[in-house]
Amino acid sequence: PIGVSNHRWKAAAYRRKIQNGKVFSYAIVMFTGIVVFVSLIFFNWDQVLNSFPILSSIIILPLFGALISMLIKGSEKDVSKNVRDLALWISIVELGLVTLLCYQFDLSNSDFQNIEKKTLLSKFGISYFLGVDSLSLVFVLLTSLLFPICIYYTKLSIRFRSKEFMVCFLALEALVMGVFSCLDIVLFYVFFESLLIPMFLIIGIWGGKRRIFASYKFFLYTLAGSVFFLISIIVMASVANTTSIVELDNYY
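According to this note's numbering, the sequence shown holds residues 1354 to 1605 in order.
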């Protein structure tokens, strides 16, 4: 019957809409809103802010968005729009988290704040150590402001493989946030060197006419400097017996 066929067609269209990822961006917003709403009602807001690992969330959220973007399927046109919308919502939520970070930050205190620390390799003194001061907070805020603007205007310049571009771009945002918030010099080195990978891909695939030459030149020059940087890290860590940037600053 015609009525049954229409219902089947609508169900199939709705299933395709879910499969191509159109609802992912709305799901992210709804989930974030529910979490905020529940925390406002059932928890003390100041206590939530003090205990919430906001720096880790700022680093993990874009990676989570990149993972979801990889799962989006469908036609090239639909995937391009849906992935861009998802990345834009992720970056807006990221900006909201950074706004909370700025609200929580005490400008009268010159020390590092929002400290998160967990030992990774006790033998070498390497730890997952995050924190921000007034200077690094400015760079974190600028990063969170620039990325949604850049994502919004990619519709004017990115004409192919939009999903792969957004995955690289969200991964780049996470790594840049890690660079500006980490307080362990080995962790800083890992974040800094890792962001070369998405940068290399972005320049080499979506760059200008001489993008291949530019990407290899960028990678090789940065890699050459990274070798001396790694040697310096090893020397400083062995002499001071710590990889903490705070302790290294006091030591030297």
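C-beta atoms are modelled at their ideal positions from N, C-alpha and C, and glycine is treated no differently.
Under the assumption that residue i contacts residue j (Cβ atoms under 8 Å), give the Cβ distance between them as a whole number of angstroms.
i       : j       : result
Phe1465 : Gly1484 : 4 Å
Pro1406 : Glu1526 : Rounded, the Cβ-Cβ distance is 18 Å, inconsistent with contact.
Trp1559 : Ile1511 : 6 Å
Val1520 : Ala1590 : Incorrect: roughly 33 Å between the Cβ atoms, too far for contact.
Asp1537 : Ile1479 : 6 Å
Ile1504 : Phe1522 : 7 Å
Leu1448 : Ser1497 : 5 Å
Met1552 : Phe1582 : About 16 Å; that fails the 8 Å criterion.
Ser1568 : Gly1557 : 3 Å
Compare the Cα-Cα distances from residue i to each of the options and report the closest residue.
i       : options                            : result
Val1341 : Phe1544, Val1539, Cys1503, Pro1551 : Only positions 1354 to 1605 of the chain appear in the structure, and residue 1341 is not among them; the question remains open.
Glu1546 : Val1580, Tyr1569, Ser1591          : Val1580
Val1451 : Gly1557, Ser1422, Leu1408          : Leu1408
Asn1467 : Asp1486, Leu1473, Tyr1481          : Asp1486
Leu1554 : Lys1476, Gly1449, Ser1515          : Ser1515
Tyr1542 : Gly1418, Ile1586, Gly1427          : Ile1586
Phe1544 : Ile1556, Met1530, Leu1583          : Met1530
Leu1490 : Ser1480, Leu1454, Thr1507          : Leu1454
Ser1507 : Ser1433, Ala1567, Lys1562, Thr1575 : The question names Ser, but residue 1507 in the sequence shown is Thr. Considering only alpha carbons, the answer is Ser1433.
Tyr1456 : Ser1475, Phe1513, Leu1494          : Leu1494
Glu1469 : Ser1475, Leu1601, Ser1410          : Ser1410
Ser1475 : Asn1603, Leu1499, Asn1594          : Asn1594
Leu1599 : Cys1535, Gly1427, Arg1437          : The sequence shown places Val at residue 1599, not Leu. Ranking Cys1535, Gly1427, Arg1437 by Cα distance to Val1599 puts Cys1535 first.
Can you have a look at residue i and say buried or exposed, based on whether 16 or more other CB atoms are within 10 angstroms of its CB?
i       : result
Thr1596 : buried
Val1357 : For Val1357, the pLDDT reaches just 48, beneath the cut-off of 50, and the residue's location in the model is therefore unreliable, although a value from the coordinates is still provided. Classification for Val1357: exposed.
Pro1501 : buried
Met1423 : exposed
Ile1425 : buried
Thr1472 : exposed
Glu1429 : exposed
Leu1488 : exposed
Leu1548 : buried
Ile1565 : exposed
Phe1482 : buried
Phe1513 : exposed
Phe1477 : exposed
Asn1462 : exposed
Val1446 : buried
Arg1563 : exposed
Along the chain, where does the alpha helix (DSSP H) that runs through residue i open and close?
i       : result
Leu1499 : 1487-1506
Lys1570 : 1564-1593
Ile1556 : 1549-1559
List the residues that DSSP assigns as beta-bridge partners of residue i.
i       : result
Leu1453 : DSSP, once it has assigned bridges, lists no residue as partnering Leu1453.
Cys1521 : Paired residues: none, contrary to the question.
Asp1537 : Ser1597
Phe1482 : Lys1470
Starting from residue i, trace the beta strand (DSSP E) both ways and give me its first and last residue.
i       : result
Ile1425 : From DSSP, Ile1425 is part of no beta strand (DSSP E); its letter is neither H nor E.
When every heavy atom of the ligand MN is checked, does at least one fall within less than 7 Å of the C-beta of residue i?
i       : result
Val1520 : Absent from the structure shown: the ligand MN. Ligands present: none.
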